[in-house]
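S.K.: My structure is below; once you've seen it, I'll send some questions.
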Amino acid sequence: MTSFARNDALEFASPDDVRAAQEQLLRRHLEYCVEASPFYREQLAGLDLGAVSLEELPLTDKMAVSIRNSEFVAVDPEKVADIVFSSGTTGWPTKIMYTQGDLERLAYNEERAFNACGITSSDIVLLTCTMDRCFIAGLAYFLGARAVGAAAIRNGHGTMEGHGEVLKHASPTVIVGVPSFLRKLGEHLSAKGIDLPGSSVEKLVCIGEPLRDAAMAALSVATDLERIWGAKVYSTYASSETVTTFCECTEQAGGHLHPALGLVEILDEAGNEVPDGEPGEVVVTPLGVQGMPLVRYRTGDISFINLAPCACGRTSARLGPIIGRKLQLLKVQGTSLYPQSVFTALDEMPEVSEYYLEVLSDGPLSDRLVVHLAFSARPVEVDVVLRRLQARLRVKPEVIIEPMADIRRVVFTPESRKPVRFIDLRG
Numbered sequence: 007m008t009s010f011a012r013n014d015a016l017e018f019a020s021p022d023d024v025r026a027a028q029e030q031l032l033r034r035h036l037e038y039c040v041e042a043s044p045f046y047r048e049q050l051a052g053l054d055l056g057a058v059s060l061e062e063l064p065l066t067d068k069m070a071v072s073i074r075n076s077e078f079v080a081v082d083p084e085k086v087a088d089i090v091f092s093s094g095t096t097g098w099p100t101k102i103m104y105t106q107g108d109l110e111r112l113a114y115n116e117e118r119a120f121n122a123c124g125i126t127s128s129d130i131v132l133l134t135c136t137m138d139r140c141f142i143a144g145l146a147y148f149l150g151a152r153a154v155g156a157a158a159i160r161n162g163h164g165t166m167e168g169h170g171e172v173l174k175h176a177s178p179t180v181i182v183g184v185p186s187f188l189r190k191l192g193e194h195l196s197a198k199g200i201d202l203p204g205s206s207v208e209k210l211v212c213i214g215e216p217l218r219d220a221a222m223a224a225l226s227v228a229t230d231l232e233r234i235w236g237a238k239v240y241s242t243y244a245s246s247e248t249v250t251t252f253c254e255c256t257e258q259a260g261g262h263l264h265p266a267l268g269l270v271e272i273l274d275e276a277g278n279e280v281p282d283g284e285p286g287e288v289v290v291t292p293l294g295v296q297g298m299p300l301v302r303y304r305t306g307d308i309s310f311i312n313l314a315p316c317a318c319g320r321t322s323a324r325l326g327p328i329i330g331r332k333l334q335l336l337k338v339q340g341t342s343l344y345p346q347s348v349f350t351a352l353d354e355m356p357e358v359s360e361y362y363l364e365v366l367s368d369g370p371l372s373d374r375l376v377v378h379l380a381f382s383a384r385p386v387e388v389d390v391v392l393r394r395l396q397a398r399l400r401v402k403p404e405v406i407i408e409p410m411a412d413i414r415r416v417v418f419t420p421e422s423r424k425p426v427r428f429i430d431l432r433g
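For the numbering used here, count along the sequence shown from 1 and bump the result up by 6.
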């Protein structure tokens, strides 16, 4: 059975040394896939694994992993240690199986991520992401905290009052959570008179939502978090399928990939690699995975890569923020845009407290965008919101004002592990 490679120094190695190490790890990965994975035994049949290049290998998409799920399993049932379900795109959850070795790899992966943003054994890490409901994120960050020697507080999706009590009595130095939630938590605690900049919290590790725009400038949620909490904010990106994290370092300039744990490509619609810095689909080949190994996995997420050495000293590839999801690209009034650009525009309006988007078909080549929102205590006229959105997006969506309770009932549904801000009603 394959195993992952522990190689901290590879993050700082020369491009030639990284390339040589990754080629060796890729060969080992492909050999394991052919040996143990029914799916890849079929897909890679006839290829010279000692000579084939990465771009010559077949791509794997989410649909294949969902529909042919059991064919991706590369271990006997007794070797499975943990089972999770990703949200998937096929209408039903996708089962992902991890071995004990995969969980150890996951711990090492998050250890390197936490190390990059300055988390050490002296830290106390408050986890506001759940460890239950077959969700990998909470477990991943718990394992990462323990791997660096930090203490972990598994408060999960607790109440704001509950998190406030933890802050008061346990003095966490790091909080891991979704940025929009951490902003609401900070505003709630500040309104209660708690001096957050004077508290123990020094770092916020943010998951699930971007902190920066395509130019790497801080979004309003990032600046709000730093102002409210008086803490540094760091962005991470990962997925259940790839078990591989891209986490910002102390320079806050893109998420580093640990080169011993994966290969990343950015591809255009035709499957060709785009130039450094250009947007395209994020494609990941996780290395050293045992339970469900993948080759050139198409995440469906749109971002870009920065291959220049980082000011932190690492030479590893850095992933930019997620600009959008391939399947969520909208065509509204002749303009192409992703929901994330609408989220960003709404997040920059202090009067807007909560929102979600609906998209419906408006003809064979056009979409109708509806924004449902609730105002904070400082409402403005709907026309003001429309003008701001039109100036930012170059389209004029429909805007519907609703009570806060109605919006939150849609966004924070019990059936979803993440806030629901985009509802696709296109046929």
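Cβ atoms here follow ideal geometry from the backbone N, Cα and C, with glycine treated the same way.
For a test of the three-state rule: what should DSSP assign to lysine 337, helix, strand or coil?
M.R.: Looking up residue 337 in the sequence shown gives position 331. Strand at lysine 337.
S.K.: Below 6 Å CB to CB, which residues in the same chain sit around glutamate 110 once its five sequence neighbours on both sides are set aside?
M.R.: What you label residue 110 is simply residue 104 of the sequence shown in a count that begins at 1. Counting only Cβ-Cβ distances below 6 Å, and skipping sequence neighbours, we find nothing.
S.K.: Going by other Cβ atoms of all chains shown within 10 Å of its Cβ, with 16 needed for buried, is threonine 126 buried or exposed?
M.R.: One-based indexing of the sequence shown puts residue 126 at position 120. It is exposed - the Cβ of threonine 126 has fewer than 16 other Cβ atoms within 10 Å.
S.K.: Can you pull the DSSP bridge partners for glycine 261?
M.R.: Mapped onto the sequence shown, residue 261 falls at position 255. Glycine 261 is bridged to Glu254, Leu325.
S.K.: Using the Cα positions of phenylalanine 247 and serine 186, report the straight-line distance between them to the nearest angstrom.
M.R.: By one-based count along the sequence shown, residue 247 stands at place 241. By one-based count along the sequence shown, residue 186 stands at place 180. The residue you asked about is not phenylalanine; residue 247 is glutamate in the sequence shown. Straight-line Cα distance between these residues: approximately 24 Å.
S.K.: Return yes when the Cβ of aspartate 108 is within less than 7 Å of the Cβ of glycine 297, no when it is not.
M.R.: Taking the sequence shown and counting its residues from 1, one reaches residue 297 at position 291. Taking the sequence shown and counting its residues from 1, one reaches residue 108 at position 102. Yes, the pair counts as a contact, with Cβ atoms nearer than the cut-off.
S.K.: When you compare each of Cys318, Arg374, Phe45 to phenylalanine 78 by their alpha carbons, which one comes out closest?
M.R.: For the purposes of this step, residue 78 is identified with residue 72 of the sequence shown, where counting begins at 1. Considering only alpha carbons, the answer is Phe45.
S.K.: Taking 7 Å as the threshold (C-beta atoms), are isoleucine 413 and glutamate 357 in contact?
M.R.: The residue given as residue 357 occupies position 351 in the sequence shown. The residue given as residue 413 occupies position 407 in the sequence shown. No, these two residues do not count as a Cβ contact at 7 Å.
S.K.: Do arginine 432 and serine 367 count as a contact pair if the criterion is CB distance below 7 Å?
M.R.: Within the sequence shown, numbered from 1, the residue matching residue 367 stands at position 361. Within the sequence shown, numbered from 1, the residue matching residue 432 stands at position 426. In contact: serine 367 and arginine 432 (Cβ atoms closer than 7 Å).
S.K.: If contacts are defined as beta-carbon pairs under 8 Å, then cysteine 253 and alanine 122 qualify, I think. What distance do you get, rounded to the angstrom?
M.R.: Stepping through the sequence shown from its first residue, residue 253 is reached at position 247. Stepping through the sequence shown from its first residue, residue 122 is reached at position 116. Correct: roughly 6 Å between the Cβ atoms.
S.K.: Along the chain, where does the beta strand (DSSP E) that runs through methionine 103 open and close?
M.R.: The residue given as residue 103 occupies position 97 in the sequence shown. Looking at the DSSP string, the run of the beta strand (DSSP E) that includes methionine 103 is 100-105.
S.K.: Does the Cβ of aspartate 14 have 16 or more other Cβ atoms within 10 Å, making it buried, or fewer, making it exposed?
M.R.: Against the sequence shown, residue 14 aligns to sequence position 8. It counts as exposed.
S.K.: Can you give the beta carbon distance from leucine 379 to valine 405, rounded, assuming they're within the 8 Å contact cut?
M.R.: The sequence position of residue 379 within the sequence shown is 373, counting from 1. The sequence position of residue 405 within the sequence shown is 399, counting from 1. Indeed, because the Cβ distance is near 7 Å, the residues count as touching under 8 Å.
S.K.: If you drop the 5 nearest sequence neighbours on each side, which residues of the same chain put their C-beta closer than 7 Å to that of threonine 66?
M.R.: Counting from 1 along the sequence shown, the entry for residue 66 is found at position 60. So the qualifying residues of the chain are Leu300, Val301, Arg302, Tyr303, Arg304.
S.K.: Give me the Cα-Cα distance between glycine 52 and lysine 68, rounded to the nearest whole angstrom.
M.R.: Taking the sequence shown and counting its residues from 1, one reaches residue 52 at position 46. Taking the sequence shown and counting its residues from 1, one reaches residue 68 at position 62. Rounded to the nearest angstrom, the two C-alpha atoms are 24 Å apart.
S.K.: I'd like to know if the stretch 125-140 and the stretch 251-268 are in contact, where contact means that at least 3 CB-CB pairs between them fall below 8 Å.
M.R.: no
S.K.: Quick check: the stretch 191-206 against the stretch 167-179, are there 3 or more CB pairs under 8 Å?
M.R.: yes
S.K.: Leucine 149 to alanine 113, Cα distance in whole Å?
M.R.: As a first step, residue 149 is located in the sequence shown; it is residue number 143 there, counting from the start. As a first step, residue 113 is located in the sequence shown; it is residue number 107 there, counting from the start. For leucine 149 and alanine 113, the gap between their C-alpha atoms comes out near 5 Å.
S.K.: State the DSSP-derived secondary structure class of aspartate 412, mapped to helix, strand or coil.
M.R.: The residue given as residue 412 occupies position 406 in the sequence shown. Assigned with DSSP and collapsed to three states, aspartate 412 falls in helix.
S.K.: Rounded to the nearest angstrom, how far is the Cβ of tyrosine 344 from that of leucine 336, given a contact under 8 Å?
M.R.: Mapped onto the sequence shown, residue 344 falls at position 338. Mapped onto the sequence shown, residue 336 falls at position 330. Contact holds; Cβ gap of about 7 Å.
S.K.: Mind the definition here: the stretch 188-198 touches the stretch 154-170 only if three or more C-beta pairs lie below 8 Å; say whether that holds.
M.R.: yes
S.K.: From which residue to which residue does the beta strand (DSSP E) around phenylalanine 91 run?
M.R.: Working through the sequence shown from its first residue, we reach residue 91 at position 85. Here the beta strand (DSSP E) through phenylalanine 91 covers 86-92.
S.K.: Would you call the CB atoms of glutamate 215 and valine 182 closer than 7 Å?
M.R.: Stepping through the sequence shown from its first residue, residue 215 is reached at position 209. Stepping through the sequence shown from its first residue, residue 182 is reached at position 176. It is not a contact, given that the beta carbons lie outside the stated cut-off.
S.K.: May I ask you to verify whether the stretch 268-282 touches the stretch 306-317, counting CB pairs closer than 8 Å and requiring at least 3?
M.R.: yes
S.K.: At which residues does the alpha helix (DSSP H) containing threonine 66 begin and terminate?
M.R.: For the purposes of this step, residue 66 is taken as residue 60 along the sequence shown, with counting starting at 1. According to the DSSP assignment, threonine 66 belongs to no alpha helix (DSSP H), since it is labelled neither H nor E.
S.K.: Nearest to alanine 314 by CA position, among Pro281, Leu293, Gly340, is which residue?
M.R.: Mapped onto the sequence shown, residue 314 falls at position 308. For the residues Pro281, Leu293, Gly340, the minimum Cα distance to alanine 314 belongs to Pro281.
S.K.: When you compare only the Cα positions, how much space is there between isoleucine 328 and lysine 101?
M.R.: In the sequence shown, counting from the first residue as 1, residue 328 sits at position 322. In the sequence shown, counting from the first residue as 1, residue 101 sits at position 95. About 24 Å.
S.K.: DSSP state of phenylalanine 428, grouped into three classes?
M.R.: Numbered from 1 along the sequence shown, position 422 holds the residue referred to as residue 428. The answer is strand: DSSP assigns phenylalanine 428 an E or B state.
S.K.: If you drop the 5 nearest sequence neighbours on each side, which residues of the same chain put their C-beta closer than 7 Å to that of alanine 158?
M.R.: In the sequence shown, counting from the first residue as 1, residue 158 sits at position 152. Closer than 7 Å at Cβ, skipping near neighbours: Val131, Leu133, Phe148, Ala151, Arg152.
S.K.: On a CA-only basis, which of Gly340, Ser72, Ala220, Val388 is nearest glutamine 346? Give me that one, please.
M.R.: If you number the sequence shown from 1, residue 346 lands on position 340. Answer by Cα proximity: Ala220.
S.K.: Below 7 Å between beta carbons: does that hold for arginine 320 and glutamate 17?
M.R.: Here residue 320 corresponds to residue number 314 of the sequence shown, with the count starting at 1. Here residue 17 corresponds to residue number 11 of the sequence shown, with the count starting at 1. Taking 7 Å as the Cβ cut-off, arginine 320 and glutamate 17 qualify as a contacting pair.
S.K.: Can you tell me where the beta strand (DSSP E) with glycine 268 in it begins and where it stops?
M.R.: The residue given as residue 268 occupies position 262 in the sequence shown. From DSSP, the beta strand (DSSP E) with glycine 268 extends over 268-273.
S.K.: With leucine 293 and leucine 267 assumed to form a contact (beta carbons below 8 Å), what rounded beta-carbon distance in angstroms separates them?
M.R.: Start at 1 with the first residue of the sequence shown, and residue 293 comes out as number 287. Start at 1 with the first residue of the sequence shown, and residue 267 comes out as number 261. In this structure, leucine 293 and leucine 267 form a Cβ contact; the two beta carbons are roughly 6 Å apart against a cut-off of 8 Å.
S.K.: Are there 16 or more other CB atoms within 10 angstroms of the CB of alanine 383, so buried, or fewer, so exposed?
M.R.: Here residue 383 refers to the residue found at position 377 of the sequence shown. By the 10 Å Cβ count, alanine 383 comes out exposed.
S.K.: How is the beta strand (DSSP E) around glycine 286 delimited, first residue to last?
M.R.: For this step, residue 286 is matched to residue 280 along the sequence shown. Counting along the chain, the beta strand (DSSP E) containing glycine 286 begins and ends at 286-292.
S.K.: Given this structure, state the Cα-to-Cα distance separating valine 86 from glutamate 48, to the nearest angstrom.
M.R.: Locating residue 86 in the sequence shown gives position 80, counting from the first residue. Locating residue 48 in the sequence shown gives position 42, counting from the first residue. Roughly 23 Å between the two C-alpha positions.
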